[in-house]
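The structure under discussion appears below in the form of structure tokens.
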Amino acid sequence: MAMTFVNQAVIEALSQQIVAAYCGAAGPADGPARERLMGDVMHAIEEPVGSRTLAEDGPDRVNAALADWEAQEGRAFGLRLIEIDPAHTTVTMG
């Protein structure tokens, strides 16, 4: 069975969507805080390299990164990632 790897462009696109949706709903984050959030989200979804693993484990990993970032920033918005669709490079937040 061959594993399908998610390429870096998909990881970046998914991360940008997550950060944009989060900051759009929670309110803007300043430059360094937003960059740190982007880095945390990218790191969270780089680990599960297979597209199936990303779809299954990615939301939990991203949600943990969002919760950690909120704690560091003193925010408690609660918007969370519901689904990652690496095939269509889309995310669903809620």
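This note's numbering runs 2 ahead of the 1-based position in the sequence shown.
Ideal Cβ positions, reconstructed from N, Cα and C, are used throughout, including at glycine.
Checklist entry - Which same chain residues, not among the five before or five after VAL64, have their C-beta less than 7 Å away from its C-beta? => result For the purposes of this step, residue 64 is identified with residue 62 of the sequence shown, where counting begins at 1. Taking VAL64 as the centre and dropping the five residues before and after it, the same chain places the C-beta of ILE20, VAL43, ALA46, ILE47 and LEU83 closer than 7 Å to its C-beta, in chain order.
Checklist entry - When burial is assigned at 16 or more other CB atoms within 10 Å of the CB, is ALA4 buried or exposed? => result Translated into positions along the sequence shown, residue 4 becomes position 2. Reliability of the predicted coordinates at ALA4 is poor, the pLDDT of 43 falling under 50, and the value obtained from them is presented with this limitation in mind. Flag for ALA4 reads exposed.
Checklist entry - Does the beta-carbon of GLY29 have 16 or more other beta-carbons within 10 angstroms, so that it is buried, or is it exposed? => result Taking the first residue of the sequence shown as position 1, residue 29 is located at position 27. By the 10 Å Cβ count, GLY29 comes out exposed.
Checklist entry - Run through DSSP, which three-state label would MET3 get? => result Along the sequence shown, read from residue 1 onward, the residue named residue 3 stands at position 1. Any reading at MET3 must be qualified, since the residue scores a pLDDT of 39, below 50, and its modelled position is unreliable; the value itself is stated next. Secondary structure at MET3: coil, using DSSP grouped into helix, strand and coil.
Checklist entry - Would you report the Cα separation of ARG77 and SER53, rounded to the nearest angstrom? => result Stepping through the sequence shown from its first residue, residue 77 is reached at position 75. Stepping through the sequence shown from its first residue, residue 53 is reached at position 51. When rounded, the distance between both Cα atoms is 31 Å.
Checklist entry - Could you check where the alpha helix (DSSP H) with LEU81 kicks off and where it finishes? => result Counting from 1 along the sequence shown, the entry for residue 81 is found at position 79. Bounds of any alpha helix (DSSP H) do not take in LEU81, whose DSSP letter is neither H nor E.
Checklist entry - For GLU49, which of ASP70, HIS90, GLN10 and GLU72 has the nearest alpha-carbon? => result Numbered from 1 along the sequence shown, position 47 holds the residue referred to as residue 49. Checked all of ASP70, HIS90, GLN10 and GLU72; the closest Cα to GLU49 is GLN10.
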